[in-house]
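**Q** Take this structure first; my questions come after.
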Amino acid sequence: MKIKKGDKFLCIKDVTMRFTEEVTYSQGNVYTSEQDGCITNNKGNINHSWARVEDVWHYFKPLKDVDRMYTKATDRLRELHRNFTGTKLGNTDEADYFDNKYMNHKDFSFSAQSRLEDDYKERGYDYVSEEVFIELNGLEEKSYDEDPYNGVNNGLQDIPVKEIFNPKPYYDNSKGSLYKVATERGWNAYLFDLVKRLERGGKKDPLKQEIEKSIDVLKIWLNEID
């Protein structure tokens with residue numbers, strides 16, 4: 001696989017220059033190729049070339065292949081987790097790490113965890129920086145002008161009712177949106193997720209599949225209550 005202009009990569013291990021011991025690429029950060037065969041480094045040098053393909057894959061992973069990821073807990077992430085109203089797990093204040101998919105779950109969950117670094121490595125999670133974790137998982141709040149649906153997608157805010165449209169048949173809001181109902185009735189994230197899945201089951205995705213996912217959500221909810 002060759003490095004092509006426009007490709008993006010996650011650095012999975014610090015790259016240190018042999019003689020100066022300068023770190024030219026930092027683990028957990030994302031880098032872009034601005035020239036074929038090269039990956040722009042920490043200094044903004046777009047001509048840093050990689051002749052040996054095996055060296056590249058020792059230090060980098062194509063960003064498109066990054067799925068499960070974790071990062072060290074920071075005050076900024078704690079605040080985002082504390083205010084997050086989508087699917088989340090764990091104790092915000094006691095977390096050592098945050099991840100985006102709890103162990104065997106396939107769907108996104110903003111998870112606060114402790115003492116799991118060895119498990120992360122065994123299960124193939126990639127370490128990313130705080131900034132990369134926030135960006136790749138859409139956790140940073142943006143203004144409505146920048147991205148009208150950013151807060152809706154990650155559970156940080158309710159969709160403005162007057163802006164609702166129906167691009168797909170399973171988004172049938174002709175009798176009022178689920179977002180509006182959930183807000184009026186004070187549903188928590190688990191209840192809203194369950195109702196949404198079952199309401200759209202058989203329309204967007206197979207009903208059986210949505211029921212199975214709903215059972216998983218109920219188990220997570222029960223575990224959180226305990």
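One point on numbering: in our numbering, the residue at position 15 of the sequence shown is 15, and numbering is uninterrupted. Idealized CB from N, CA, C, for every residue including glycine.
Work out the CA separation of Gln113 and Gly90 for me, nearest whole Å.
**A** Translated into positions along the sequence shown, residue 90 becomes position 90. Translated into positions along the sequence shown, residue 113 becomes position 113. Taking the straight line from one Cα to the other gives about 6 Å.
**Q** CB-CB under 6 Å to Gly201, same chain, minus the five flanking residues each way: which ones, in chain order?
**A** Walking along the sequence shown from the start, residue 201 turns up at place 201. Cβ neighbours of Gly201 beyond the five flanking positions: Leu207 and Glu210.
**Q** With DSSP as the reference, identify every bridge partner of Thr24, one or two as the case may be.
**A** Position 24 of the sequence shown holds residue 24. For Thr24, which the question treats as bridged, DSSP gives no partner whatsoever.
**Q** The beta strand (DSSP E) spanning Ala112 covers which residue range?
**A** Here residue 112 is taken as the residue at index 112 of the sequence shown, counted from 1. From DSSP, the beta strand (DSSP E) with Ala112 extends over Phe110 to Gln113.
**Q** Spatial neighbours of Trp50 within its chain, please: C-beta separation below 8 Å, excluding the five flanking residues on both sides.
**A** By one-based count along the sequence shown, residue 50 stands at place 50. Ile3, Gly37, Cys38, Ile39 and Val56.
**Q** Identify the continuous alpha helix (DSSP H) that holds Tyr190 and give its terminal residues.
**A** Taking the sequence shown and counting its residues from 1, one reaches residue 190 at position 190. Its alpha helix (DSSP H) spans residues Ala189 to Arg200.
**Q** Could you say which of Thr87, Thr92 and Thr32 lies nearest to Asn47 if we only look at CA atoms?
**A** The residue you call residue 47 lines up with position 47 of the sequence shown. Selected option, being the one with the closest Cα: Thr32.
**Q** Locate the beta strand (DSSP E) running through Lys61, then write down its first and last residues.
**A** For the purposes of this step, residue 61 is identified with residue 61 of the sequence shown, where counting begins at 1. From DSSP, the beta strand (DSSP E) with Lys61 extends over Phe60 to Pro62.
**Q** Go ahead and pull the three-state DSSP assignment for Tyr70.
**A** For the purposes of this step, residue 70 is taken as the residue at position 70 of the sequence shown. If DSSP states are grouped into helix, strand and coil, Tyr70 belongs with the strands.
**Q** Pull up the distance between the alpha-carbon of Phe98 and that of Lys219, whole angstroms please.
**A** Counting from 1 along the sequence shown, the entry for residue 98 is found at position 98. Counting from 1 along the sequence shown, the entry for residue 219 is found at position 219. So the alpha carbons of these two residues sit roughly 20 Å apart.
**Q** On the DSSP bridge list, what partners appear for Ser49?
**A** For this step, residue 49 is matched to residue 49 along the sequence shown. Looking at the DSSP assignment, Ser49 forms a beta bridge with Cys38.
**Q** Just the Cα atoms here: how many angstroms apart are Lys182 and Asn188?
**A** Taking the sequence shown and counting its residues from 1, one reaches residue 182 at position 182. Taking the sequence shown and counting its residues from 1, one reaches residue 188 at position 188. Just to set this straight, residue 182 is Ala in the shown sequence, not Lys. Straight-line Cα distance between these residues: approximately 8 Å.
**Q** Give me the Cα-Cα distance between Asp216 and Tyr59, rounded to the nearest whole angstrom.
**A** Stepping through the sequence shown from its first residue, residue 216 is reached at position 216. Stepping through the sequence shown from its first residue, residue 59 is reached at position 59. Taking the straight line from one Cα to the other gives about 36 Å.
**Q** Output needed for Lys121: all residues of its chain with C-beta closer than 8 Å, excluding positions within five of it in sequence on either side, in chain order.
**A** Walking along the sequence shown from the start, residue 121 turns up at place 121. The answer is none, since no qualifying residue turns up.
**Q** Helix, strand or coil for Tyr102 per DSSP?
**A** For this step, residue 102 is matched to residue 102 along the sequence shown. Coil.
**Q** How long is the line joining the alpha carbons of Thr24 and Tyr179, rounded to whole angstroms?
**A** By one-based count along the sequence shown, residue 24 stands at place 24. By one-based count along the sequence shown, residue 179 stands at place 179. In a straight line, the C-alpha of Thr24 is about 46 Å away from that of Tyr179.
**Q** Is it true that the CB of Arg68 sits closer than 8 Å to the CB of Asp126?
**A** Within the sequence shown, numbered from 1, the residue matching residue 126 stands at position 126. Within the sequence shown, numbered from 1, the residue matching residue 68 stands at position 68. Cβ distance < 8 Å, so Asp126 and Arg68 count as in contact.
**Q** For Ile192, count neighbouring Cβ atoms within 10 angstroms of its own Cβ and tell me buried if that reaches 16, exposed if not.
**A** For the purposes of this step, residue 192 is identified with residue 192 of the sequence shown, where counting begins at 1. Residue identity differs from the one stated: residue 192 is Phe in this sequence, not Ile. Buried.
**Q** Please report how far the alpha carbon of Gly44 lies from the alpha carbon of Ser177, in whole angstroms.
**A** By 1-based counting over the sequence shown, the position of residue 44 is 44. By 1-based counting over the sequence shown, the position of residue 177 is 177. The straight-line gap from Cα to Cα measures roughly 47 Å.
**Q** Take Ser214 and list the residues in its own chain whose beta-carbon comes closer than 7 Å to its own, dropping the five residues that flank it on each side.
**A** Walking along the sequence shown from the start, residue 214 turns up at place 214. Answer for Ser214: Leu194, Arg197 and Leu198, listed in chain order.
**Q** Across which residues does DSSP place Gln8 in a beta bridge pair?
**A** Sequence index remark: in the sequence shown, residue 8 carries index 8 (1-based). It should be pointed out that residue 8 corresponds to Lys in this sequence rather than to Gln. Per DSSP, Thr32.
**Q** Just mark Phe110 as buried or exposed, buried being the case when its beta carbon has 16 or more other beta carbons within 10 Å.
**A** What you label residue 110 is simply residue 110 of the sequence shown in a count that begins at 1. With 16 or more Cβ atoms within 10 Å of its Cβ, Phe110 is classed as buried.
**Q** Tell me, please, which residues DSSP counts as bridged to Asp55.
**A** Here the question's residue 55 lines up with position 55 in the sequence shown. Paired residues: none, contrary to the question.
**Q** Less than 8 Å between the beta carbons of Leu222 and Val128, yes or no?
**A** In the sequence shown, counting from the first residue as 1, residue 222 sits at position 222. In the sequence shown, counting from the first residue as 1, residue 128 sits at position 128. It is not a contact, given that the beta carbons lie outside the stated cut-off.
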